[in-house]
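Enquirer:
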Amino acid sequence: MDNIDPVYNIAENLVNSVAMFRDRVAIETKTADTIKTLTYGQLGDRVNSFAHFLSSQSILKSDRVGMVIENRPEFAVIFFALSYIGAIAVPLDPHMTTKDAKNILSDAGAKLVLVSKETQAIVEPLKDFIPSISIEDIKESGASQGFKKATIEPDEVMLLLYTSGTTDLPKGVMLTHKNLCSNFHSLKKLKIFSAKDIVLSVLPLYHSYAMMTTFLAPLFSGAKVVYVPSDWPEKLGEYIKTSRATVFIGVPQIYHMMHSRMMKKIGEIHGLAGMYVRLVIKFGLAKIFLRKIKNAFGKNLRFFVSGGAKLDKDVARDFFKLGLKVIEGYGLTETSPVASLNPLKRQKIGSIGKPIVGVELKIMNKDADGIGEIAIKGPNVMKGYYKKEEKTKEVMRDEWFLSGDLGYEDKDGYFYVTGRSKEMIVLSSGKNVFPEEVEKHYSQTPYIKEMCAMGVVKEKGGSKLEYLHGIIVPDTEFFKERGEMNLRQVMASTFDNLSQGVPGYRRIMGFTLTQTPLPRTMLGKLKRYEVKNKFLPLILEEGKKKQELSPEDKELIESEIGRKLIDCLKESLDIEGDIHPSDSIELDLGVDSLSRVELMLAIEKCFDVDIPDEMAMAEIFTAKDMILKVGELLNQPSAISHQLSAQSNKSQAVHWSEILKQPLPKDFQKKISLRLSWTDYMFAFFVKGFISLFFRLFYLLRVQGAYKIPKKGPYVLCVNHTSFFDGLIVTAGVPFRILLGLFFIAFRRYFIAPVIRNFVRRARIIPIDASQIIEAMQGSAFILKHNKALCIFPEGERSIDGKVKEFKKGIGIIAKEYDIPLVPVYIKGAFEAWPRTQRFPKLHPIKIRFGDPVSKKDLIERGMKLGAEDEYDAICMAIRDEVDKLK
């Protein structure tokens, strides 16, 4: 086949494949319980038959025909049948809205639209606008065989593809027979596909990348294309293996998913085995010593191909280390689509490779660093945008297509993409920011599921404030796993960490949290203009527009439970305005962890129900969640009526004194060892001795005022929090007899390693989840009631700048309800030694200073003078002030 002269006609290329590979399987379709095959001969017969049918429907040469068809053999039959007639295919997203379908079909001037039973609902409302035919109905019509193919010139349009539009509205790209066939012939010369290949098809065929690499090029090469069920994201490895695929075509999103799963499994291998696996991977020897990784995808797989967007270099590098070859390509719909590929044998990770055969790439308008716009020239470049001559002129310069992508060429002729010019944020300072780079940096944290960075200009004080703003979709499942409820606080803290060391103009200075997935193309690219159009007005207004209630939400909020619960929320939270079902408990209603406890108890009293702690702290994120969960608990109609009428319309006040009097759960009591064994004494003696020696020797630790600590409990040490070292410094600073009765409250996530878990009980560390607020408060009360002492870091997290932050309400509750003294403690130098933004510590002198104990009465008096609203706040403000004075 390599010796045959290039044929620039889609129909003729199919005819050649049918003639050469007539008895081979062209398309295999896997379902849950069946496998159906279509040979090249059968494909040719069906195409002839379908072309005759289309002709009987008055479809003529150059007519546009819409295709709303999912990945299935009929897509190939229809597409090739249209090529026989000389008509133009207009493929559409089978998941698009009726409105979008109408806009595209109208712009294209489509004469007919072909659908399946699965997609018929999209065009059904358009029956008065354009006729549609279901492919299932055509099968029953018994179309006759034989069809005389139209005479087609290479420059005639075969395909009208509407771009997904990441920065602008979609445009119809006219691709000719020559455009498409030349792209196939270029790939053929590079030996990407052969008749021996099996190509797994999961990407949507209405996109040019999938159409060329999983449809036209494989079938024109005599390869087999395999379609798999829609559950392929969960079973991808299995389908690659069982289909015996030799080539897998994907997009970066898929490889990120695969990478995440593989790294997670590798991370779960512990001990010497884990160490061995990580060392083998680190030195790139997995292909030799860890063949199971490659064999997980079957022994036939030659390589993966990535395109459609830029592949993360770290992901590509890890695939390489695991012995898996990923070839990255580059192109656009306007270039049919492939323009360059990383060579099979001489790859450069992070590069889009070299131009494919017959295509030229060059960098235009280079800056001082050699970066400019990538331009493409060749027979694969589109004929133009349909009915948009001005738009076409904007992107064409003397046969060179201006891609809109910025990049550079290295000395070996390899090209690299640095960003997209239209997406680049140009600040008034003259600084250029590529949003993808910003998003990649901040998305290192698992708390972020999706992110879109945008430039924002706001009026403030008569001047313009320009900054980068992030639209964040938090990973609520990860928050639940970690027991974190304060989404905004955690995200702010995370951004503070990640912003360290980043140039000011590339820092995210504000963010908006949303639970709605960000709009993307089917290949995973962010539709930035849609994100901006949706969120920018809200950011500029600094508020949320009133949303229209859906019928479901309206029914929910007007139900008896809904009305009563909304009244309860308004009274408990002192809210005067409306509450929307989608309002976030934390973000919109301003509820923090402690307020959440108070709110849930108020609701329990209001409805006379028990809300399980797991549900209260880890399953309720919005007002709607709350209504539904309460409804689940009140699932007996008679009980609902009785309980709702039995309670007053006003919620009852909730007091922490009542909460703290409740018995501590037995499983939580087991974490607290009040009596020390002789081994505990010995453990404490040696641990304190070692820690004290370590800090005095390497950090020149000085201790001041330790004599001021009360000899007996109950009391609480209130310590500023700036470093990973803080707990150890307190251990080194307090006298040994004090340490024996001192307990520490800390988040469980820092003590999950098996070795550390065995350490915490002896060290009198009480590990808690952020969702275990009630247990934490009751546990503190339990310790204090037994005349022991607590060490608490009231800021709740390590300070980002070393300054003492606002203290959380919990310390105020404990001090007031148990009338105990608080001891202010200030650690100086720990921030410089090991701040939270630094991976490893460095040497720096440290000093810990203990202040005089302060009674509840004095704290309340001082706090009120500082402007506190209640006694809890007064204690918090006053003890913070005392800690700060110790500087």
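With the working numbering as the guide, the letters of the sequence shown map in order to residues 33 to 919. Glycine is no exception: its CB is placed at the ideal position from the N, C-alpha and C atoms.
Can you give the beta carbon distance from Ala242 to Pro250, rounded, assuming they're within the 8 Å contact cut?
Expert: As a first step, residue 242 must be located in the sequence shown, where it is residue number 210. As a first step, residue 250 must be located in the sequence shown, where it is residue number 218. Rounded, the Cβ-Cβ distance is 11 Å, inconsistent with contact.
Enquirer: Quick one: which unbroken beta strand (DSSP E) runs of 3-plus residues sit fully inside the region 137-172? Chain order, please.
Expert: Here the runs fully enclosed are 144-147, 164-166.
Enquirer: What runs of the beta strand (DSSP E), each 3 residues or longer, lie entirely inside the region 842-905?
Expert: Listed in chain order, the complete beta strand (DSSP E) runs (minimum 3 residues) inside the region 842-905 are 854-860, 879-882.
Enquirer: What residue range does the alpha helix (DSSP H) around Ser88 cover?
Expert: Along the sequence shown, read from residue 1 onward, the residue named residue 88 stands at position 56. Run containing Ser88: 72-88, per the alpha helix (DSSP H) assignment.
Enquirer: Tell whether a beta-carbon distance below 8 Å holds between Ile880 and Gly765.
Expert: By 1-based counting over the sequence shown, the position of residue 880 is 848. By 1-based counting over the sequence shown, the position of residue 765 is 733. Closer than 8 Å, so yes.
Enquirer: Is DSSP giving Tyr731 helix, strand or coil here?
Expert: To locate residue 731, count along the sequence shown from 1; it is residue 699. Three-state result, Tyr731: coil.
Enquirer: Using only the alpha-carbon positions, how far apart do Glu838 and Ala778 sit?
Expert: If you number the sequence shown from 1, residue 838 lands on position 806. If you number the sequence shown from 1, residue 778 lands on position 746. When rounded, the distance between both Cα atoms is 18 Å.
Enquirer: For Asp615, collect the residues of the same chain with a Cβ closer than 7 Å to its Cβ; drop the 5 residues on either side in sequence, then sort them by chain order.
Expert: What you label residue 615 is simply residue 583 of the sequence shown in a count that begins at 1. For Asp615, where only same-chain residues beyond five positions count, the Cβ hits under 7 Å are Leu621, Thr654, Ala655.
Enquirer: Only counting the same chain, and skipping five residues up and downstream in sequence, which positions put a Cβ closer than 8 Å to that of Gly402?
Expert: To locate residue 402, count along the sequence shown from 1; it is residue 370. Ile395, Tyr440, Glu441, listed in sequence order.
Enquirer: Between which two residues does the alpha helix (DSSP H) harbouring Pro123 extend?
Expert: Counting from 1 along the sequence shown, the entry for residue 123 is found at position 91. Taken as a continuous stretch (DSSP letters only), Pro123 belongs to no alpha helix (DSSP H), being part of the beta strand (DSSP E) at 120-123.
Enquirer: Glu455: which of Gly445, Val470, Gly410, Lys443 sits nearest, CA to CA?
Expert: Taking the sequence shown and counting its residues from 1, one reaches residue 455 at position 423. The shortest C-alpha separation from Glu455 is found at Val470.
Enquirer: Spatial neighbours of Val522 within its chain, please: C-beta separation below 8 Å, excluding the five flanking residues on both sides.
Expert: Locating residue 522 in the sequence shown gives position 490, where the first residue counts as 1. Around Val522: Tyr479, Phe511, Glu516.
Enquirer: Are the region 805-817 and the region 717-735 in contact at 8 Å, needing three or more beta carbon pairs?
Expert: Because the criterion of three Cβ pairs below 8 Å is not met, the region 805-817 and the region 717-735 do not touch.
Enquirer: Alpha carbon to alpha carbon, what distance is there between Leu144 and Leu158?
Expert: One-based indexing of the sequence shown puts residue 158 at position 126. One-based indexing of the sequence shown puts residue 144 at position 112. Answer to the nearest angstrom: the Cα atoms are 11 Å apart.
Enquirer: What does the Cβ neighbour count give for Lys66, buried or exposed, with the cut at 16 atoms within 10 Å?
Expert: Stepping through the sequence shown from its first residue, residue 66 is reached at position 34. At residue 66 the sequence reads Thr, which differs from the Lys that was named. It is exposed - the Cβ of Thr66 has fewer than 16 other Cβ atoms within 10 Å.
Enquirer: Assign Ala108 to one of two classes, buried (16 or more other C-beta atoms within 10 Å of its C-beta) or exposed (fewer than that).
Expert: Within the sequence shown, numbered from 1, the residue matching residue 108 stands at position 76. With 16 or more Cβ atoms within 10 Å of its Cβ, Ala108 is classed as buried.
Enquirer: Pull up the distance between the alpha-carbon of Ile672 and that of Leu633, whole angstroms please.
Expert: Here residue 672 is taken as the residue at index 640 of the sequence shown, counted from 1. Here residue 633 is taken as the residue at index 601 of the sequence shown, counted from 1. In this prediction, Ile672 scores a pLDDT of 37, lower than 50, which makes its location untrustworthy; the coordinate-derived value is nonetheless stated afterwards. The alpha-carbon atoms of Ile672 and Leu633 are separated by roughly 18 Å.
Enquirer: Quick one: what's Arg486 bridged to in DSSP?
Expert: Against the sequence shown, residue 486 aligns to sequence position 454. The sequence given here places Met at residue 486; Arg does not occur at that position. DSSP output for Met486 lists His501 as bridge partner(s).
Enquirer: Taking buried to mean at least 16 other C-beta atoms within 10 Å of its own C-beta, is Leu75 buried or exposed?
Expert: Within the sequence shown, the letter at position 43 stands for residue 75. Per the 10 Å Cβ criterion, buried.
Enquirer: For Phe302, count the other beta carbons within 10 Å of its own beta carbon; 16 or more makes it buried, fewer makes it exposed. Which is it?
Expert: The residue given as residue 302 occupies position 270 in the sequence shown. Correcting the residue identity first, residue 302 is His in this sequence and not Phe. His302 is exposed by the Cβ-count criterion.
Enquirer: Quick one: give me the first and last residue of the beta strand (DSSP E) that Ala371 is part of.
Expert: In the sequence shown, residue 371 corresponds to position 339, counting from 1. Per DSSP, Ala371 belongs to the beta strand (DSSP E) from 370-373.
Enquirer: Rounded to whole angstroms, what's the CA-CA distance from Ala121 to Lys564? Just pull it up for me.
Expert: Along the sequence shown, read from residue 1 onward, the residue named residue 121 stands at position 89. Along the sequence shown, read from residue 1 onward, the residue named residue 564 stands at position 532. Using only the alpha carbons, I get a separation of about 32 Å.
Enquirer: Can you give me the C-alpha to C-alpha distance between Lys874 and Pro867, rounded to a whole angstrom?
Expert: Your numbering for residue 874 matches position 842 in the sequence shown. Your numbering for residue 867 matches position 835 in the sequence shown. Cα to Cα, the separation comes out at about 10 Å.
Enquirer: For Gly536, count neighbouring C-beta atoms within 10 Å of its own C-beta (all shown protein chains included) and say buried if the count is 16 or more, exposed if not.
Expert: For the purposes of this step, residue 536 is taken as the residue at position 504 of the sequence shown. By the 10 Å Cβ count, Gly536 comes out exposed.
Enquirer: Using a Cβ-Cβ cutoff of less than 8 Å, which residues in the same chain neighbour Ser292 once the five nearest sequence positions on both sides are dropped?
Expert: To locate residue 292, count along the sequence shown from 1; it is residue 260. Closer than 8 Å at the Cβ level, and outside the excluded window around Ser292, lies no residue.
Enquirer: Could you name the residues of the same chain whose beta carbon sits closer than 6 Å to that of Tyr194, not counting the 5 residues immediately before and after it, in chain order?
Expert: Working through the sequence shown from its first residue, we reach residue 194 at position 162. Answer for Tyr194: Ile136, Pro202, Gly204, listed in chain order.
Enquirer: Mind checking which residues open and close the beta strand (DSSP E) that includes Met541?
Expert: Numbered from 1 along the sequence shown, position 509 holds the residue referred to as residue 541. Unbroken beta strand (DSSP E) run through Met541: 540-545.
Enquirer: Quick check for students: name the residue ranges of the beta strand (DSSP E) that lie wholly in the region 696-756, counting only runs of 3 or more.
Expert: Qualifying beta strand (DSSP E) stretches, in chain order: 734-736, 747-751.
Enquirer: From Ile59 to Ile230, what distance separates their C-alpha atoms?
Expert: Reading the sequence shown from its first residue, position 27 is the one you call residue 59. Reading the sequence shown from its first residue, position 198 is the one you call residue 230. Computed Cα separation, rounded: 10 Å.
Enquirer: Compare the C-alpha of Ala83 against each of Lys637, Lys180, Arg349 and name the closest.
Expert: Taking the sequence shown and counting its residues from 1, one reaches residue 83 at position 51. The shortest Cα separation from Ala83 among Lys637, Lys180, Arg349 belongs to Lys180.
Enquirer: Comparing alpha-carbon positions, which option in Val427, Leu322, Lys223 lies nearest Asn374?
Expert: Translated into the one-based positions of the sequence shown, residue 374 becomes position 342. The shortest C-alpha separation from Asn374 is found at Lys223.
Enquirer: Grouping DSSP H, G and I as helix and E and B as strand, with all else coil, what is Val255?
Expert: Mapped onto the sequence shown, residue 255 falls at position 223. One point to set straight first is that residue 255 is Ala, not Val, in the sequence displayed. Residue state, collapsed to three classes: coil.
Enquirer: Just to confirm, is the Cβ distance from Glu188 to Gly118 under 8 Å?
Expert: To locate residue 188, count along the sequence shown from 1; it is residue 156. To locate residue 118, count along the sequence shown from 1; it is residue 86. For Glu188 and Gly118, yes; Cβs fall inside 8 Å.
Enquirer: Exposed or buried, which one is Tyr418 when buried takes at least 16 other CB atoms within 10 Å?
Expert: Walking along the sequence shown from the start, residue 418 turns up at place 386. Buried, since its Cβ has 16 or more Cβ neighbours within 10 Å.
Enquirer: What residue does the alpha helix (DSSP H) around Ile806 start on, and which one ends it?
Expert: Taking the first residue of the sequence shown as position 1, residue 806 is located at position 774. Per DSSP, Ile806 belongs to the alpha helix (DSSP H) from 805-817.
Enquirer: Rank Met307, Ser253, Ile359 by C-alpha distance to the C-alpha of Arg54 and give the top, closest one.
Expert: As a position in the sequence shown, residue 54 is number 22, starting the count at 1. Closest by alpha carbon: Ser253.
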